[in-house]
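Asks:
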Amino acid sequence: DDVVVGSPIAGRNRRETEGLIGFFVNMLALRADLSGDPTWTELLGRVREQTLGAYDHQELPFERLVDELAVARSLTHTPVFQTIFSVSQGGAGGERPASGGLGLEPFGRGERVAKFDLDLVFADTGDALGGVLVYRPALFDAESIARLAGHLETVLGSLAADPSRRLSELSLLREDERAQLLESSGAAPVAQPLACVHDLIAEQARRTPEAVAVSFADETLTFAELEGGANQLARLLQKSGVGPEVRVGVCLERGPEMLVAVLGVLKAGGAYVPLDPAYPAERLAYTLADSGASLLLTRSALLDALPGFGGEVVRLDEARPEIAAEPDGAVRSAVGLRNAAYVIYTSGSTGRPKGVVVEHAGLASTLLGTRDTCGLAAGEVMTVLASYAFDIWAFETFAPLLAGGQVRLLARETVQDVERLVDGLADVDAVHAVPALMREIVRRVQAGPGALPRMRSVFVGGDAIAPDLLPEMQAAFPAAQSWAFYGPTEATILASATALRRGDSPGWQMIGRPLPGVALHVLDAAGELLPAGVPGELWIGGAGVARGYLGRADLT
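235 is the number that this note's numbering gives to position 231 of the sequence shown; each next residue is one higher, with no gaps.
#1: Taking L279 and F313 to be in contact with their CB atoms under 8 Å, please state how far apart those CB atoms are, rounded to whole angstroms.
#2: In terms of residue numbering, what span does the alpha helix (DSSP H) encompassing Y290 cover?
#3: Would A36 and V75 qualify as a contact pair, given that the criterion is a beta-carbon distance under 9 Å?
#4: Helix, strand or coil: how does DSSP classify F28 here?
#5: Can you tell me whether F27 is buried or exposed? The criterion is at least 16 other CB atoms within 10 Å of its CB, across all chains shown.
#6: Using CA atoms only, rank isn't needed, just tell me which of E423, E157, R18, S188 is closest to L133.
#7: What's the C-alpha gap between S295 and I469?
#8: Using 9 Å as the threshold, is the C-beta distance between L519 and L498 below it?
#9: By the 10 Å Cβ neighbour count, where 16 or more other Cβ atoms means buried, how is M459 classified, buried or exposed?
#10: Taking P278 as part of the beta strand (DSSP E), name the residues at either end of that continuous run.
#11: When the Cα atoms are used, what is the spatial distance from R342 to W44?
#12: Could you tell me whether the Cβ atoms of V254 and L413 are closer together than 9 Å?
#13: How about the segment 432-446 and the segment 465-484: do they share at least three Cβ pairs that are nearer than 8 Å?
#14: By the three-class DSSP mapping on this structure, what secondary structure does E223 have?
#15: In whole angstroms, what is the alpha-carbon distance linking V277 and V526?
#16: Taking only the alpha-carbon atoms, compute the straight-line gap between Q242 and R424 and give it to the nearest angstrom.
#17: Would you decide whether L79 is buried or exposed? Buried here means 16 or more other CB atoms lie within 10 Å of its CB.
#18: Is S461 near V419, with beta carbons less than 9 Å apart?
#19: Answer with buried or exposed for N649, where buried requires no fewer than 16 other C-beta atoms within 10 angstroms of its C-beta.
#20: Are the CB atoms of A285 and R239 nearer to each other than 9 Å?
#21: Taking the alpha-carbon positions, what's the G15 to P65 distance?
#22: Taking the runs of the beta strand (DSSP E) that are 3 residues or longer, which of them lie wholly in the segment 17-88?
#23: Below 9 Å between beta carbons: does that hold for F126 and F85?
#24: Which residues bound the beta strand (DSSP E) around D6?
#25: If you reduce the DSSP assignment to three classes, tell me which class S461 lands in.
#26: Applying the criterion that 16 or more other CB atoms from any shown protein chain within 10 Å of the CB defines a buried residue, is R151 buried or exposed?
#27: Could you work out which residue in D166, Y490, V426, V538 is closest to G516 when comparing CA atoms only?
#28: Alpha carbons only, please: which of T82, P83, F227, D60 is nearest the one belonging to R18?
#29: Among L406, V432, D427, D395, which residue has its Cα nearest to the Cα of T493?
Below, the structure written as structure tokens:
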């Protein structure tokens, strides 16, 4: 909203200087105020006022202005402004027509040296305005400049047609460019129709009942055992009133029981609220109270960490006989794709933690999209490192199950000991880690056992990814495909993915391409689509966008 552009002025505003030979040109700093969303007519009035004011002070040397402002100087760019604008009479290159019998002949091939980042020269021939853009090739390429020129034509055409339009109503984009942007960033469909995740896992269990679904230390569960155990628990929960939109707290240590409990809540129709027993008691109490959970699944030994809960408590260790007595066949519930699947809490680093309500449609879309994009396959083993109170846990757990793969759960102590962790990756096909942990894994692999030959996919996400980490991952796992993930909790775990090519060394945060079912758009402050290369705000659309913050409609 605050733009400063340089403009040359002849510097011959006195009659005595008109006949002198010499260079009198001075540079004016023209400041334009675009605040308040003015109309084109209002903006022209502001610019006219600013320009006339600058003309009144044109004798002040630009060098003096820079000194008085004490602007920090740099060898990389000019101070105060980096873009200049001028209008000349004659041809587009500034040539003047022959007059008074004097013939003018241009010489040279017309090259111009870029003294500024961008130099826009308009020439008024009397019949039309012709423009020339001179640009610094270290900053722009010819394709970007051609787009920029097209954007300027589009804006000028819109404003000439209707000077009463406000700036927020203008688009820089030609229709063909808009269509191309929408096509490249729009939501591609997922590979199969959406269904609730627990139903998709049940289908997989029918296809491969004897395949190992979950392993933990010396324990394993086949798909049939996982499905049967979750069905039995779901029946018990339904008897306690669990159904659509009923929130159930789950506080358990890592292990197969945790996964059975989460799946059981989903099958009963409820929404699980994960409670990591390693979290402070105050955080757990706040989550239980704020979520409005009516029932809590836990073990007797963990109840001390959950003071003050007034709802029903199911102690899985004590209720084992009761659960085992339930039929293990398929469970019916009234839950649908628009019902809540889970409520997960943000970190609270910017205020008190907020509960994000994620629906089944968003969860299924994200999991199917990542499964198909990343090529997760049946029989492959993927390890789970994240706390299940962190939403990426759902990707680490459910995505391989939807592909018919095996989930390898690791004890908390193993995850916290990098040496033991890397040893545990020897017979694993895929691993996901947040950037800080991935860096430790990479260092250990390079310093210890060397490349893990079975590793086929390495995923990093869940936090800002330092660009130097990506080539280090490729070096540590030369036989694996490295992926960078991006996505906020509010868009259901993940929104986009980048498959790194060998030798890639990006110097910026990777966002990547939208996953199937996701739309990514870069918009301006007025919500208008921006051209490629123009900074703006990332907007995320599609099935993965969560319902909102629980009980906080103002923030939603």
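Positions of the beta carbon are idealized from the N, C-alpha and C atoms, including for glycine.
Replies: Looking at the atomic coordinates:
#1: Rounded, the Cβ-Cβ distance is 10 Å, inconsistent with contact.
#2: 285-295
#3: no
#4: coil
#5: exposed
#6: E157
#7: 31 Å
#8: yes
#9: buried
#10: 275-278
#11: 45 Å
#12: no
#13: yes
#14: strand
#15: 32 Å
#16: 40 Å
#17: exposed
#18: no
#19: One cannot answer for residue 649 here, as it falls past the ends of the chain, which runs 5 to 560.
#20: no
#21: 10 Å
#22: 30-37
#23: no
#24: 6-13
#25: strand
#26: buried
#27: Y490
#28: D60
#29: D395
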